[in-house]
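Some notes on the structure that comes next.
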Ligand SMILES: Cc1ncc(C[n+]2csc(CCOP(=O)(O)OP(=O)(O)O)c2C)c(N)n1
Ligand SMILES: [Mg+2]
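Residue numbers (this note's numbering), protein chains in the order written: chain A, 291 to 614; chain B, 1117 to 1443.
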């Protein structure tokens, strides 16, 4: 079992802060009218992306969702390219063509964020197949929500990966809601991990507000996948602190009533407490992290604001390899 | 006449039809307390309860399949898929089942269902939440396809679609939901397959769908100042198509421009152009013009998206070309 080292613990802590602060800043500039489009905040769920990606290298692959900022930051995408993408600038990761919903960088193993629920699950299976066919030791991880476990792509993708014993890990971020629909309304099971039985693969439940716990179960699943032991379905029980998207107050479906309880279990101070208890984090180091992240974010916003929008000719570029 | 929003007109249509016929019910994602992703089912849960306003799991294929199954045993379901992009997930049921069962099973099967969805761009929702895929459905025999452009049409056509015994694909445009327009107070319906001349004119015919109707009317207003008189015809249903009204206008003006927000190639306008070529060739005084989206996925960048989507200026420029006024 992967023992949590000081180095990995601090990496997770800083990564979670990076995700939180990036999104807080994105929300701020969105609300100030600087960004087009939509944002689905990941705030509250940071421990899942950090705990899983703490085991991944640049060559491992992930697929993500509409709520993808956290996965991307944990996978190593930088603030400049992400912020510029939100600002629809040509310097963004997708040259301003994707936006919040579709941040990706295939060079960093971030295969893409799908705006179509469940879309990334079979793609991760396919990435795992490619890895296996090439004889690699990498893994493919798919992140998706509780709501996504009801769409056909979930069943088809996981069954395929299981039948072929592919090096894939399926991470369900069960935040209790599919948009406005509570889990108890959209399915008749309580634990999504139960579904693993139907595919003949291990299914594990983990407290998604506890980064160390996520780190542990993800380590086991990713280790098994690397070793040829096939896929695992991880269910991380978590909660988004904001509405489904920015602008949804969550009041129509009871989210606002549940939120205070979950906010008390904020994963960032929780991990900070653990780090301090183990004497791995001093107050000074903590401040340094915050200052570093803030500095980087200030620079990223500045970079994005100063970056040019795409040129009109870019409209017709990248449809095919060569313009037709 | 009172003015209400497009989405309010849709809610009224659903509400009235549910009162009128107990077999009508609605199913879709987040249509309950949330009122639908663009509030086009707002308030219906309170009035009709969760048995008839059914919040579904995220499962578009099951939504459409279940709607068909319920129709087969005598219900009149209205399935709401939200973004037309998500209909692609349900295409198997729509194309292989819904469109086929009446014919393939010899004509006995009951297929009274409506599948609602909203398409179109303009809100930086990017490539997977902005498409205009209506032509996909028009291509499939067995489906009827409705595309309203005003609150009044939306209400009258949705009521007809619900009462129709054939499957109807009902395509709304997101940018229209909050647009207000006059809607009669009392009961009325608008038949499927009836176009409407939205503006009369004599120099050129603009056949426009959905969001392009408004833009074409604005362009016509501009062009009138230049002395060019445009007739704007809204087919309202893409299939069955009211060829008579459209071709009568083409014969009158001798010039045809087709405007839609979908990309040009194999868009609905290609079909319209072919019909004009086949049935009004002798009346055309100039090559027809199509004003459509550029052939790209829909980009996130507002700057690029504005270039991708046809604008009223593009319609006006197209008409000038059509009538031979170079500018
Ligand atoms: C195929 C498809 N259907 C519907 C939607 C609209 N939609 C976007 S996110 C979402 C809820 C997703 O819930 P879940 O998978 O639990 O992820 P969460 O938002 O909670 O992170 C819905 C219904 C979509 N994007 N794609
Ligand atoms: Mg969820």
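Backbone N, C-alpha and C define an ideal beta-carbon position, used for all residues, glycine too.
Only those residues of the segment 458–472 of chain A whose C-beta falls short of 8 Å from the nearest C-beta of chain B are listed: 468, 469, 470, 471. Annotated three-state conformation of residue 1121(B) is strand, per DSSP. Pairing residue 1168(B) with residue 1140(B) gives a Cβ-Cβ distance under 9 Å.
Shown here, residue 1427(B) sits in coil according to DSSP, grouped into three states, outside any helix or strand. Between residue 543(A) and chain B, the shortest Cβ-Cβ separation is below 9 Å.
Where residue 385(A) is concerned, there is no enclosing alpha helix (DSSP H), because DSSP gives it neither an H nor an E. When the Cα atoms are used, residue 1192(B) and residue 1186(B) turn out to be separated by approximately 7 Å. Residues of the same chain with a CB within less than 7 Å of the CB of residue 1155(B), apart from the 5 flanking positions on each side, are 1123 in chain order. DSSP places residue 1171(B) in the uninterrupted beta strand (DSSP E) bounded by 1169–1171.
Short note on residue 1145(B): C-beta closer than 8 Å to some heavy atom of ligand 1. Rounded to whole angstroms, the separation of the alpha carbons of residue 496(A) and residue 341(A) is 11 Å. Inclusion of residue 357(A) and residue 330(A) in the CB contact set at 9 Å is warranted, their separation being smaller than that value.
If you draw a straight line from the Cα of residue 419(A) to the Cα of residue 430(A), it comes to about 9 Å. For residue 1382(B), the secondary structure class from DSSP, reduced to helix, strand or coil, is coil.
DSSP places residue 1367(B) inside the alpha helix (DSSP H), whose first and last residues are 1359–1369. Of all residues, those with a beta-carbon under 7 Å from at least one heavy atom of ligand 2 are 435(A), 436(A), 437(A), 463(A), 464(A), 465(A), 466(A), 467(A), 468(A), reported in chain order. Of all residues in the segment 376–405 of chain A, the ones placed with a Cβ closer than 7 Å to any Cβ belonging to chain B are 378, 386, 387, 388, 389, 391, 392, 405, in chain order. With respect to chain A, the C-beta atom of residue 1174(B) has a partner C-beta closer than 9 Å. Between ligand 1 and the CB of residue 355(A), the shortest heavy atom gap is smaller than 8 Å.
Leaving aside the five residues that flank residue 415(A) on each side, the residues in its chain whose CB is nearer than 7 Å to its CB run, in chain order, 447, 450, 451, 456, 458. For the pair residue 1243(B) and residue 1337(B), the Cα-to-Cα distance works out to about 32 Å. Between residue 352(A) and residue 433(A), the C-beta spacing is below 9 Å.
Ligand 1 has a heavy atom closer than 8 Å to the beta-carbon of residue 1176(B). Interface criterion not met: the Cβ of residue 1167(B) is under 9 Å from no Cβ in chain A.
Put simply, the segment 1284–1292 of chain B does not touch the segment 1337–1352 of chain B. Fewer than three CB pairs are less than 8 Å apart. At least 9 Å separates the CB of residue 1249(B) from every CB of chain A. Taken in chain order, the unbroken stretches of beta strand (DSSP E) that lie wholly in the segment 1253–1318 of chain B and span 3 residues or more are 1260–1262, 1284–1289, 1296–1298, 1312–1315. Per the DSSP secondary-structure output, residue 1347(B) pairs in a beta bridge with 1321(B). At a C-beta separation below 8 Å, residue 1242(B) has these neighbours in chain A: 327, 387, 388, 389, 391, 392, 405. Residue 1397(B) and residue 1386(B) have their alpha carbons spaced roughly 15 Å apart. Residues are counted here when their Cβ sits less than 8 Å from a Cβ of chain A; for the segment 1366–1396 of chain B the count is zero. Secondary structure of residue 377(A) (DSSP, three-state): coil. With a threshold of 16 other beta carbon atoms within 10 Å, residue 1281(B) falls short and is exposed. When Cβ-Cβ separations below 9 Å define contact, residue 1415(B) makes contact with chain A. A direct Cα-to-Cα measurement between residue 514(A) and residue 292(A) gives close to 12 Å.
Beta-bridge pairing by DSSP links residue 1405(B) to 1373(B).
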